[in-house]
Structure formats: C-alpha cells, structure tokens
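Here the sequence shown stands for residues 302 to 625, where the numbers follow the working numbering. Here the structure comes first, spelled out in structure tokens, and everything after it is commentary.
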Amino acid sequence: MKPLLEIEDLKVTFDTRHGAVTALDSVSLSVNAGETLGVVGESGCGKSITALSVMGLVPSPPGRVAGGAIRLLGEDLTKATDARMRALRGAEMAMIFQEPMTSLNPVFTIGAQIAEAIMLHQDIGADGAMKAAVELLDRVGIPSAKARARDYPHQLSGGMRQRVMIAMAVSCQPKLLIADEPTTALDVTVQAQIFDLLNEIQRDFGAAIMLITHDMGAIAEMADRVAVMYAGRVIETGTADNVLDNPRHPYTRGLIDCIPNIAKTEGELREIPGVVPPLHLLGAGCAFAARCDSADARCLREKPALRDHGAHPAACHAVEEGRI
Ligand SMILES: Nc1ncnc2c1ncn2[C@@H]1O[C@H](COP(=O)(O)OP(=O)(O)OP(=O)(O)O)[C@@H](O)[C@H]1O
Ligand SMILES: [Mg+2]
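If you want it as structure tokens, here you go:
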C-alpha cells in the first residue's frame with residue numbers, strides 16, 4: 302500500500318543575512334494511513350519547517366522549497382497552486398500548533414470559528430454548521446459544549462483551547478493531522494489528557510497523525526514509527542519500538558537518555574551537552590560530530606547518509622563502521 306504522505310528528498314532554504322541557508326536537507330519520510338509518525342529532535346532541527354512545508358505554509362520569502370517532493374495521496378504538493386493548497390488544508394490535512402491562542406481569533410466565539418471552518422469546506426448552512434460545531438466540542442471533551450460554544454478563546458484554559466483546536470482540525474475529517482508540539486504549553490496532567498484525546502480521535506476518525514515533539518517520552522507513548530531529526534536532516538528512522546529499544550545514532554541515544562526516569566537519574570534531568578549548530582555554520586561533516594563521543598576525522602569531513610545497516614536506517618559513520 303502506498304503511504305498517505307510521502308516526503309522525498311525535501312530541501313528547504315532560507316535567505317538570511319548570512320546568505321542562503323539550508324533548513325531541510327534531503328528530508329525523506331512517510332506517513333501511512335491511520336498511523337502515528339513521531340518526528341522528534343531538539344529545538345531548531347527542522348520539525349516545524351517540515352510540517353509547514355507539507356501544509357504549504359513556509360514563509361516565502363525568505364523560505365523556499367528548493368527541491369524534492371511532498372506527495373499527499375500521490376499528488377505533489379510542491380507543485381500545487383495556492384488555491385489547491387487552500388482547498389486541501391482543512392479538508393484533507395490539518396495542523397494544530399503549540400500555542401492555540403495564536404491560531405484562534407480572539408474576537409470570535411469558539412463555536413463561530415469551528416462553524417466557519419466547517420462551512421469553508423462543506424456545503425452546509427450556518428445553523429447546521431453551528432450544530433456540528435457543538436457536537437465536535439462535546440466530542441473533544443468540552444463540558445456544557447452548547448454553552449461553551451458562545452465563549453471567546455480567552456475565557457478557556459490552555460488545555461480547553463487545545464481541545465478547541467483539535468475540534469477545528471478534525472471538523473472536516475482530514476486524512477492527515479499534523480500536531481506540532483500540541484502539549485508543550487500545558488501542564489503534565491493536561492498533556493496526558495490531550496494525548497488520550499488524539500488517540501481517541503485517531504481511532505474514531507481514522508486520521509493519520511504526524512506528531513512533532515522534542516520529547517522522546519511522548520514518542521514512546523504515542524508513535525507507531527519515528528523519524529529523528531538533527532540540523533535539518535533525518536538521522537534515524539524506524540518503528541518506535543525498534544528505535545527506542547535499539548537506538549543506533551548517538552544523538553537518538555542521547556535523546557532517550559533524556560527521558561525523565563527517576564530511578565536512573567536520581568531526580569536529575571539529563572540533557573545532551575552542547576547545542577544544535579546554527580544553519581549558516583553547518584560544515585561538510587556530520588552536524589552532530591562536535592557533540593558526539595564517537596566522532597572521528599571522517600565524521601568531521603563527510604556527511605553520513607541515512608542507510609540501512611542491517612537494522613533500521615541511521616545516518617552515522619560510527620554505526621556503519623561497526624565502531625558503536
Ligand atoms: N523565517 C526563517 N528565517 C530563517 N531561518 C529560519 C526561519 N524559520 C526557521 N528557520 C530556521 O530553520 C531551522 C528549523 O526551524 P524549525 O522551526 O523547523 O525548528 P524546530 O525543530 O521546529 O524547533 P522547535 O523545537 O524550537 O520548534 C532553524 O535553524 C531556524 O532557525
Ligand atoms: Mg517547531
């Protein structure tokens with residue numbers, strides 16, 4: 302079966318004061334119908350730009366899709382017109398963002414905003430759309446949905462606003478739901494509730510989910526498969542079980558070591574030393590080399606390709622050479 306979404310060799314550049322920089326470099330990944338793909342990596346690795354590329358929302362200028370293809374059900378979105386992308390957004394694919402307040406309009410009630418989204422893509426009158434909006438609010442766990450539909454965004458808690466965003470995103474039953482750090486702004490118990498809701502929504506609506514997170518713990522909870530990103534590249538990919546149980550790339554190992562585990566760290570939160578290099582300073586070698594205990598001269602010289610070395614694919618010379 303063909304994947305629902307297939308990103309192939311995607312390259313995205315930005316014009317900056319340092320010249321053109323490559324934010325996504327040969328990114329390839331796929332999402333199958335009905336599954337959850339986790340996309341994980343630290344801040345600045347290119348997770349959001351990958352999502353925005355799929356939605357056709359990369360700010361341009363300064364951004365530009367400079368190569369590759371993004372196929373949704375076989376249709377290359379990099380070649381789609383703006384009108385076609387508007388028709389696909391909301392209907393076939395939808396995105397929820399980290400901070401729902403920035404995507405909700407403060408001057409309209411939440412019921413009106415969901416109804417509006419429904420009317421944009423469906424042949425349905427205002428009364429029918431409002432009724433559908435209330436049903437959706439109820440479905441995503443908003444208590445007294447009919448009354449709350451008349452609330453404005455600021456009258457809701459962060460968790461409730463994220464539920465509203467999810468209701469809006471699934472209002473037209475998209476085949477692909479992209480969730481970009483949907484719980485980062487929420488406290489831990491609310492995070493768990495939102496993940497539960499996403500799982501339910503997936504089961505009931507059959508949507509595939511691309512879940513973007515910097516948190517390997519969330520991947521372990523939610524994802525069927527995972528793509529680990531570093532400095533604009535996918536550096537390891539496989540089933541969530543394989544990647545979590547048998548991580549191959551040192552960066553993936555580092556992310557897994559950062560999953561809070563009281564027994565292991567004795568309450569201390571671990572992190573990978575160092576930071577993701579800025580895009581204009583990326584050299585010829587592996588972008589992770591400066592932070593990697595296993596790096597040698599070849600790693601500094603030559604970018605490792607994403608290759609299947611017997612197990613799932615990883616982009617690492619040390620793995621390829623059997624040094625780790
Ligand atoms: N408008 C822009 N102009 C120049 N560079 C940009 C622009 N938007 C993003 N970038 C660069 O693209 C890279 C990837 O950014 P992206 O937002 O995808 O990271 P991310 O993985 O989503 O990080 P975070 O976890 O912080 O959300 C970063 O290095 C960022 O600086
Ligand atoms: Mg982001």
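We put the CB at the ideal spot given by N, CA and C, even for glycine. These figures come from a predicted structure and were not determined experimentally.
| Item | Value |
| --- | --- |
| When you compare only the Cα positions, how much space is there between residue 551 and residue 619? | 9 Å |
| Let me check one thing: in DSSP terms, what residues is residue 307 bridge-paired to? | 331 and 372 |
| By Cβ distance below 8 Å, which residues in the same chain neighbour residue 338 in space, the five residues on each side in sequence not counted? | 330, 331, 332, 509, 510, 511, 512, 524, 525, 526, 527 and 528 |
| Opposite residue 403 in the DSSP bridges: which residues? | DSSP output for residue 403 lists no bridge partner at all. |
| According to DSSP, is residue 338 helix, strand or coil? | strand |
| Have a look at the DSSP bridge pairing and note the partners of residue 539. | 527 |
| List, from N- to C-terminal side, the alpha helix (DSSP H) runs of 4 residues or more that fit wholly inside the stretch 392 to 471. | 401 to 404, 411 to 422, 427 to 440, 446 to 449 and 459 to 471 |
| Have a look at residue 580 and residue 450 and give me their C-alpha separation to the nearest angstrom. | 44 Å |
| Less than 8 Å between the beta carbons of residue 604 and residue 623, yes or no? | no |
| Would you decide whether residue 395 is buried or exposed? Buried here means 16 or more other CB atoms lie within 10 Å of its CB. | buried |
| Tell me whether the beta-carbon of residue 317 lies closer than 8 Å to the beta-carbon of residue 323. | no |
| Let me make sure I understand the geometry here. Which of 368, 379, 433 and 571 has the alpha-carbon closest to that of residue 310? | 368 |
| Quick check on residue 485: does DSSP put it in helix, strand or coil? | coil |
| Would you identify the three-state DSSP class for residue 623, choosing helix, strand or coil? | coil |
| Return yes when the C-beta of residue 360 is under 7 Å from any heavy atom of ligand 1, and no when it is not. | yes |
| Can you tell me whether residue 540 is buried or exposed, with buried defined as 16 or more other CB within 10 angstroms of its CB? | exposed |
| On the DSSP letters alone, give me the boundaries of the beta strand (DSSP E) that residue 509 sits inside. | 509 to 514 |
| Hey, would you say residue 397 sits closer than 8 Å to residue 334, going by beta carbons? | no |
| Can you check whether the CB of residue 346 is closer than 8 Å to the CB of residue 575? | no |
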